[in-house]
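2 protein chains.
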Amino acid sequence: MTRLIGVDWGTTNLRAYRFDGSGAVIERRSSTRGAATLGREDFAEVLVETVGDWSDGATTPIVLAGMVGSRNGWREAPYLPCPVDPARLASAGLRVETPIGAAVIVPGVSVTAADAIPSVMRGEETQLFGAGIRDGLVVLPGTHSKWVTMQGGKIVDFATAMTGELYALLRDHSLLGQLADTTAAFDETAFGLGVRRTLAAKSIVPQLFSARADVLLGNLGPQDVASYLSGILIGGEIGALGRGPATLIGAPRLVSLYRTAFAIYGLHDIATVDGDDAVARGLWQIGEHL
Amino acid sequence: MTRLIGVDWGTTNLRAYRFDGSGAVIERRSSTRGAATLGREDFAEVLVETVGDWSDGATTPIVLAGMVGSRNGWREAPYLPCPVDPARLASAGLRVETPIGAAVIVPGVSVTAADAIPSVMRGEETQLFGAGIRDGLVVLPGTHSKWVTMQGGKIVDFATAMTGELYALLRDHSLLGQLADTTAAFDETAFGLGVRRTLAAKSIVPQLFSARADVLLGNLGPQDVASYLSGILIGGEIGALGRGPATLIGAPRLVSLYRTAFAIYGLHDIATVDGDDAVARGLWQIGEHL
Numbered sequence: 000m001t002r003l004i005g006v007d008w009g010t011t012n013l014r015a016y017r018f019d020g021s022g023a024v025i026e027r028r029s030s031t032r033g034a035a036t037l038g039r040e041d042f043a044e045v046l047v048e049t050v051g052d053w054s055d056g057a058t059t060p061i062v063l064a065g066m067v068g069s070r071n072g073w074r075e076a077p078y079l080p081c082p083v084d085p086a087r088l089a090s091a092g093l094r095v096e097t098p099i100g101a102a103v104i105v106p107g108v109s110v111t112a113a114d115a116i117p118s119v120m121r122g123e124e125t126q127l128f129g130a131g132i133r134d135g136l137v138v139l140p141g142t143h144s145k146w147v148t149m150q151g152g153k154i155v156d157f158a159t160a161m162t163g164e165l166y167a168l169l170r171d172h173s174l175l176g177q178l179a180d181t182t183a184a185f186d187e188t189a190f191g192l193g194v195r196r197t198l199a200a201k202s203i204v205p206q207l208f209s210a211r212a213d214v215l216l217g218n219l220g221p222q223d224v225a226s227y228l229s230g231i232l233i234g235g236e237i238g239a240l241g242r243g244p245a246t247l248i249g250a251p252r253l254v255s256l257y258r259t260a261f262a263i264y265g266l267h268d269i270a271t272v273d274g275d276d277a278v279a280r281g282l283w284q285i286g287e288h289l
Numbered sequence: 000m001t002r003l004i005g006v007d008w009g010t011t012n013l014r015a016y017r018f019d020g021s022g023a024v025i026e027r028r029s030s031t032r033g034a035a036t037l038g039r040e041d042f043a044e045v046l047v048e049t050v051g052d053w054s055d056g057a058t059t060p061i062v063l064a065g066m067v068g069s070r071n072g073w074r075e076a077p078y079l080p081c082p083v084d085p086a087r088l089a090s091a092g093l094r095v096e097t098p099i100g101a102a103v104i105v106p107g108v109s110v111t112a113a114d115a116i117p118s119v120m121r122g123e124e125t126q127l128f129g130a131g132i133r134d135g136l137v138v139l140p141g142t143h144s145k146w147v148t149m150q151g152g153k154i155v156d157f158a159t160a161m162t163g164e165l166y167a168l169l170r171d172h173s174l175l176g177q178l179a180d181t182t183a184a185f186d187e188t189a190f191g192l193g194v195r196r197t198l199a200a201k202s203i204v205p206q207l208f209s210a211r212a213d214v215l216l217g218n219l220g221p222q223d224v225a226s227y228l229s230g231i232l233i234g235g236e237i238g239a240l241g242r243g244p245a246t247l248i249g250a251p252r253l254v255s256l257y258r259t260a261f262a263i264y265g266l267h268d269i270a271t272v273d274g275d276d277a278v279a280r281g282l283w284q285i286g287e288h289l
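So the sequence lines, in the order shown, correspond to chains A and B.
Taken in order, the first sequence gives residues 0 to 289; the numbers are from numbering that gives the first Met the number 0.
Taken in order, the second sequence gives residues 0 to 289; the numbers are from numbering that gives the first Met the number 0.
So this is what it looks like as structure tokens:
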């Protein structure tokens, strides 16, 4: 018996969770039919194909989070300004009719305060609430890393660092990347050098080009460039946004990189939460408020 | 009568100058046969085609600066560590035989001090000496902007900001760029907003993503994104490396952008030197020391 169907519907992937009455995940499915691969008219069909057999066909609640609610998704669920909690997200959810009953698209969250740098998130809010952190700093590393301040179970403020996207751009399209052997294994020494130098420079701006200079001067090998660059960017992110203590939410490999960088920064007590588990729990929490 | 032939041989372009005995440029030529477009065996032929008729065929000195001396150029002229002056550059020049006599390839310059961020330049050293600034901070904006400290006519230290390359990467390949109307005219208001916000944040890291957030939140139009992004990056460069007073060397449009950003930073007395004129005078100065 399915009590709730939850879908984390991102840009490139889709992860679906089937919950029983206690909120336990009794089945999961994933596919590569992310929002960026679909036209507006495809979403209903993909939903039915993916989770149709979990539904009773009409009354099983369905919660959809992530880029499914973006301008180029199924339908746009506008950003809610901070502060935001699960009840507020659920009540502002966008109802869409599907062949297996109504579904609710979770809105994104925005920072629009006059004295803040504007930012938006979509999908991370669901992970955040699933992680169950009521107060403190939470970091979700990724393509667009989020640094989120939680207070009393609400998202009250956040900033975004484009660390993952910058890394991919620089590795794949820049003059730095031309010198890199991108097939090389991760090198912790080169990574740590990048972190330490950026933390000391307090900026990535004078630091990035050293990935090129050090190769031309023979100080770094092509096999070190990608790890060094990763260290510069993660060090720059922690240097700009870091304070402690913090909790990390994400995939194990990325979380481990950030833990290493946080340790160099001087923060050793970093709690971690698995990203997949968090999003499933978050979908359940929002579903409970429907 | 040609006293010296000087060539600024960059990655994508080549600019050649014919000097009379007083050091005046009596003819200039340019082409798109930059170092990146040529194989090692092509350089001699391109040199003869471009300036062969300026030479007496054997004794007219030829000075070549820029990427012609890089690892992928004609022949590698290794970087000279700071401090460096024109006499030192000339004496360390790499002699290559050509069908119109010997030519000297000007070495690049490096920063390798243990407490400094490593950096390299190749071509900018010639512009710097041509600008005739003996002491102070000199900024050469570009793909890889150089911030150079001159003391007693020597390059003693410098740092590099990848501002131009980051701008092109972000505009052409990133999720920010997807929201930009890149055909729009420069918008000084959006540019200034980017500069001010980055100077206030003291980092580009939490700031870059706002180019996306502001469009999604309706605060910026697609026609503003490129100018805003340019402001963020130039503001970040000045925020990280700025101090005054400074001299700017470069193409008029880029110099004008940096003057606008420096004014927002609070520095209004920025001297400027045209980049083309500077490189010609620098080639002459190095030639005088041959």
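Where is the CB? At the ideal position from N, CA and C, for every residue including glycine.
Given the structure is predicted, the values throughout are model-derived calculations rather than measurements.
- From A:ARG211, A:LEU88, A:THR58, residue whose alpha carbon lies closest to that of A:GLY65: Nearest option by C-alpha distance: A:LEU88.
- Query: Looking at C-beta atoms only, is the number of pairs between the segment 253-267 of chain A and the segment 233-242 of chain A that lie closer than 8 angstroms three or more?
  - Reply: yes
Which same chain residues end up closer than 6 angstroms to A:ARG258 when comparing Cβ atoms and leaving out the 5 residues on each side of it in sequence? ILE269
message: Along the chain, where does the alpha helix (DSSP H) containing A:PHE261 start, and where does it finish?
response: 251-264
query = If the cut is a Cβ gap below 9 angstroms, which residues of chain A does B:HIS143 touch?
reply = Using a Cβ-Cβ cut-off of 9 angstroms, B:HIS143 is close to LEU174, PHE208, ARG211 of chain A, given in chain order.
How many Å lie between A:ARG14 and A:ASP114 at the Cα?
36 angstroms
Worksheet item: Taking the C-alpha atoms as reference points, what is the distance between A:PRO60 and A:VAL224?
Response: 48 angstroms
Through-space distance from A:SER229 to A:TYR166, alpha-carbon basis: The alpha-carbon atoms of A:TYR166 and A:SER229 are separated by roughly 6 angstroms.
Give me the residue from A:PHE18, A:PRO98, A:PHE157, A:ALA23 with the minimum Cα distance to A:LEU127. A:PHE157
A:PRO117 in three-state terms, based on DSSP: coil
Original post:
Closest Cβ-Cβ distance between B:THR159 and chain A: below 8 angstroms?
Top reply: Output row for B:THR159: interface = yes.
Is the segment 242-250 of chain B close to the segment 197-213 of chain B, with three or more CB pairs under 8 angstroms? Contact fails: fewer than three Cβ-Cβ distances are below 8 angstroms.
| task | Look at B:GLY163 and B:THR197 and say whether their C-beta atoms are less than 8 angstroms apart. | result | no
Span of the alpha helix (DSSP H) holding A:TRP283?
-> Element bounds for A:TRP283: 274-287.
| task | Name, going along the chain, the residues of the segment 113-129 of chain B whose beta-carbon falls closer than 7 angstroms to a beta-carbon of chain A. | result | ILE116, PRO117, SER118, VAL119
- Task: Measure the Cβ-Cβ separation of A:GLY100 and A:ALA57 and say whether it is below 8 angstroms.
- Result: Their beta carbons are under 8 angstroms apart, which means A:GLY100 touches A:ALA57 by this criterion.
Within the 8 angstroms Cβ cut-off, does A:ARG252 reach chain B? no
Beta-bridge pairing of A:GLU96 - partner residues as DSSP gives them:
A:ALA101
Practice problem: Give the secondary structure of B:ALA61 by DSSP, where H, G and I count as helix, E and B as strand, and everything else as coil. | Solution: Correcting the residue identity first, residue 61 of chain B is Ile in this sequence and not Ala. If DSSP states are grouped into helix, strand and coil, B:ILE61 belongs with the strands.
B:ARG196 at chain A interface by Cβ criterion, 8 angstroms: Output row for B:ARG196: interface = yes.
Item checked: A:PHE18, buried or exposed, once every other Cβ within 10 Å from all chains shown has been counted against 16 -> buried
Flag A:VAL204 as yes if its beta-carbon sits less than 8 angstroms from any beta-carbon of chain B, otherwise no.
-> yes
| What's the C-alpha gap between B:LEU139 and B:THR97? | 31 angstroms
task = To the nearest angstrom, report how far apart B:ARG121 and A:SER118 are at their CA atoms.
result = 39 angstroms
Q.
When you compare the CB of A:SER229 with every CB in chain B, is at least one pair closer than 8 angstroms?
A. no
Collapsed DSSP secondary structure at B:VAL204 in the structure displayed:
Correct three-state label for B:VAL204: coil.
Assumed close pair B:VAL105, B:GLY68 - CB separation to whole angstroms, cut-off 8 angstroms: For a cut-off of 8 angstroms, the C-beta gap from B:VAL105 to B:GLY68 is around 6 angstroms, short enough to register as a contact.
With a cut-off of 8 angstroms, does the C-beta of A:TYR264 fall near any C-beta of chain B? no
Can you tell me whether A:GLU75 is helix, strand or coil according to DSSP?
coil
Could you check whether the Cβ of A:ASP180 sits closer than 7 angstroms to any heavy atom belonging to the ligand SAH? Of ligands this structure carries none, so the ligand SAH is not represented either.
Item to check | Cβ neighbour criterion (16 or more within 10 Å) applied to B:GLY286 | outcome: buried
C-beta neighbour in chain A for B:LEU240, strict 8 angstroms: Flagged as an interface residue toward chain A: B:LEU240, by a C-beta distance shorter than 8 angstroms.
Closer than 8 angstroms by beta-carbon distance: list the chain B residues that pair up with A:ALA200, in chain order. ILE116, ALA239
Check whether the Cβ of A:ASN12 lies closer than 8 angstroms to any Cβ atom in chain B.
no
Run through DSSP, which three-state label would A:ASP84 get?
In this structure, DSSP gives A:ASP84 a state outside helix and strand, which the three-state scheme calls coil.
(Q) Could you compute how far the alpha carbon of B:ALA293 sits from the alpha carbon of B:GLU187? (A) Shown here, chain B extends from 0 to 289; a query on residue 293 of chain B therefore has no answer.
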